[in-house]
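So the sequence shown is residues 1 to 197, counted in full-length UniProt numbering. Notes for the one structure printed next.
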Amino acid sequence: MNGSGLVARRQAELRLRVGEHLDPGEALRAALWVARPSDLPLISRITQWQGAPQGLLGLGGTTPPADPHSGLDGPAGSTAGGLDRHLPEHTTAAALALTDARLLLLLVSGAPTAPAPAPPRGLLDRIRAGGRRVFGRAGPVPLPPLSVAWQCPRAVLSGVVAGDPQGWLALRFADGSGLSVVAPALLATPFAEAARH
């Protein structure tokens, strides 16, 4: 499976998982993975639920520190402060979904539905497993169920700005508060456009 096919598949899975939490008649406008700003690549935070071993993406088993509120603009009791309190640590991604009625933050709530493969034992096994990942012969682990961690009415969201090609979203709320999160550049702009309509 090529890179664009995998992204499309993952987006379709995300939309399906988010759809499980929508009210009857509620329409999903956009959904994407977000994370707290830090020095970690977003992909390393998304793949964490896939059972990726420590250090898989060049992190060496350690993670750089991050300011837990580096993207927050407003007091803790504000709408943005509420969203910020529910964002996971900077090493993990969460799903942000926009519907015609609500803005939702969803977290991975369980283990993957498919069992994780046994770790490769020998050098040749590791090379084969790496080759399958690189050349697309190993299917990705299905997206686990999500649970709603936070939500607000759509009317409370006053604006969304996307940073492209940097890959971030700046969310502004009716109470004047705001929160910036890291997001895939390819999906941040469509999310911001969906928020304008």
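The beta-carbon is built from N, C-alpha and C at its ideal position, and this holds for glycine as well.
Query	Result
Going by CA-CA distance only, name the one from D100, L87, L6, T92 that's closest to G19.	D100
The alpha helix (DSSP H) with residue 237 in it runs from where to where?	Absent from the structure is residue 237, since the part of the chain shown begins at 1 and ends at 197.
Is L143 helix, strand or coil when you go by DSSP?	coil
Beta strand (DSSP E) containing G159: first to last residue?	157-163
Distance check for R102 and V156, CA to CA, integer angstroms please.	9 Å
Assuming L103 is part of the beta strand (DSSP E), what are its boundary residues?	102-108
So residue 284 packs on L106, CB below 8 Å; how close in whole Å?	No information on residue 284 is available, as it lies outside the stretch 1 to 197 that the chain covers here.
For L171, tell me which candidate among D84, S109, L143 has the shortest Cα-Cα distance.	D84
Can you tell me the Cβ-Cβ gap for G188 and G159, rounded? I've got them flagged as a contact below 8 Å.	The residue asked about is misnamed: residue 188 is Ala in this sequence, not Gly. No, A188 and G159 are not in contact; Cβ-Cβ is about 14 Å, not under 8 Å.
Buried or exposed for G122, going by 16 or more other Cβ atoms inside 10 Å?	exposed
How big is the Cα-Cα spacing for A195 and L96?	12 Å
Looking at the unbroken alpha helix (DSSP H) that takes in L179, where does it start and where does it end?	No alpha helix (DSSP H) holds L179; the beta strand (DSSP E) holding it covers 178-182.
Would you tell me roughly how many angstroms separate the C-alpha atoms of S109 and W150, rounded to the nearest one?	13 Å
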